[in-house]
Amino acid sequence: MKYVDIEKSSRKYLYQLYKNMDYPYMGVTVNVDMTQLYLYCKKTNLSIFKTVLFFVSKAANSVTEFRYRLKEDKVIEYEIIHPSYTLLTVEDAFNFCTVEFDANFNRFYERAVIESEKLRGNIDIYHEPDRDDLIFVSCVPWLAFTQVIQPVNTKTADSIPRIAWGKYEKIGDTVKLPLGVQAHHALMDGLHLSRFYEKVQEYFYNIEKYL
């Protein structure tokens with residue numbers, strides 16, 4: 001972790017503008033093409049959720065602004081951020097499951113399996129330590145949504161990006177996945193979100209190259 005000298009940043013005035021707003025969050029939802037990922041997971045019997053989780057985490061780590069956080073009125077940058085996702089553990093209830101990110105897919109996938117097994121049937125959402133080197137991830141596999149808004153704590157400098165995806169749909173010869181991102185506007189703009197989506201789509205198009 002290191003401090004970012006925002007005074008020397010070209011976004012200095014945008015940072016000052018947005019960080020003082022009552023609701024300084026922005027986001028978009030994009031239908032990404034996951035055809036190759038879908039076919040590969042079906043062929044190899046991999047979990048589609050855990051495979052998507054790996055690639056959105058990899059994409060988020062590749063964009064510097066996704067690793068920025070507000071802390072005590074300063075901006076810090078983490079070297080690595082980790083996904084913390086909502087895991088359905090019992091009917092109508094979920095837990096928060098954090099998986100330490102690893103750029104090696106096999107190691108990450110194994111960790112994801114182990115951590116989810118630990119929380120099976122557990123609905124104690126306060127089991128994890130307070131940390132912000134995370135991205136919050138949600139999956140709503142029952143809905144092919146076109147927009148998603150996620151909860152934030154506006155009483156604090158909540159600057160953790162939220163990523164959510166919904167039910168994938170077969171459209172012609174393609175499989176599309178609604179993927180939404182919500183982030184603190186003081187730390188990033190649409191340009192940075194676009195870079196994230198470009199990375200996700202690159203990974204999804206070239207699935208075997210990046211596994």
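All residue numbers for the sequence shown refer to UniProt numbering, where the first residue is 1 and numbers rise by one. All C-beta atoms, glycine included, are put in the ideal place defined by N, C-alpha and C. On a predicted model such as this, the values are computed, not experimentally measured, just so you know.
With 16 other Cβ atoms within 10 Å as the buried cut-off, status of residue i
{"i": "Glu65", "result": "buried"}
{"i": "Thr156", "result": "exposed"}
{"i": "Asn95", "result": "buried"}
{"i": "Lys199", "result": "buried"}
{"i": "Val90", "result": "exposed"}
{"i": "Tyr13", "result": "exposed"}
{"i": "Met21", "result": "exposed"}
{"i": "Ser9", "result": "exposed"}
{"i": "Ile114", "result": "exposed"}
Limits of the unbroken beta strand (DSSP E) element including residue i
{"i": "Arg107", "result": "Element bounds for Arg107: not the beta strand (DSSP E) but the alpha helix (DSSP H), Phe105 to Lys118."}
{"i": "Val90", "result": "His82 to Val90"}
{"i": "Phe94", "result": "Ala93 to Thr98"}
Residue i versus residue j: straight-line alpha-carbon distance, rounded
{"i": "Tyr205", "j": "Arg111", "result": "24 Å"}
{"i": "Leu191", "j": "Glu202", "result": "17 Å"}
{"i": "Leu88", "j": "Phe49", "result": "12 Å"}
{"i": "residue 215", "j": "Tyr3", "result": "Lying before the first or after the last residue shown, residue 215 is absent from the chain, which here runs from 1 to 211."}
{"i": "Leu187", "j": "Met1", "result": "16 Å"}
{"i": "Ser194", "j": "Glu208", "result": "23 Å"}
{"i": "Phe145", "j": "Ser47", "result": "21 Å"}
{"i": "Leu39", "j": "Pro24", "result": "38 Å"}
{"i": "Gln147", "j": "Asn31", "result": "10 Å"}
{"i": "Asn104", "j": "Ser116", "result": "18 Å"}
{"i": "Val28", "j": "His185", "result": "12 Å"}
Residue span of the alpha helix (DSSP H) that contains residue i, given as start and end
{"i": "His192", "result": "Gly190 to Tyr205"}
{"i": "Phe54", "result": "Ile48 to Ser62"}
{"i": "Leu37", "result": "Thr35 to Thr44"}
{"i": "Tyr210", "result": "That residue, Tyr210, is in no alpha helix (DSSP H); it is neither H nor E in DSSP."}
Local conformation of residue i per DSSP, three classes
{"i": "Ile6", "result": "helix"}
{"i": "Ile163", "result": "strand"}
{"i": "Tyr168", "result": "coil"}
{"i": "Arg69", "result": "strand"}
{"i": "Gln150", "result": "coil"}
{"i": "Leu134", "result": "strand"}
{"i": "Lys155", "result": "coil"}
{"i": "Tyr13", "result": "helix"}
{"i": "Tyr18", "result": "helix"}
{"i": "His185", "result": "coil"}
{"i": "Leu143", "result": "coil"}
{"i": "Pro178", "result": "strand"}
{"i": "residue 223", "result": "As displayed, the chain neither begins before 1 nor continues past 211, which places residue 223 out of reach and without an answer."}
{"i": "Tyr23", "result": "coil"}
Near the ligand GDP: residue i beta-carbon under 6 Å from a heavy atom
{"i": "Leu87", "result": "Because no ligand of any kind appears in the structure shown, any question about the ligand GDP cannot be addressed here."}
For the segment 151-170 against the segment 179-191, are there 3 or more C-beta pairs whose distance is under 8 Å?
-> yes
Does the segment 78-98 touch the segment 50-60, meaning 3 or more C-beta pairs lie closer than 8 Å?
-> yes
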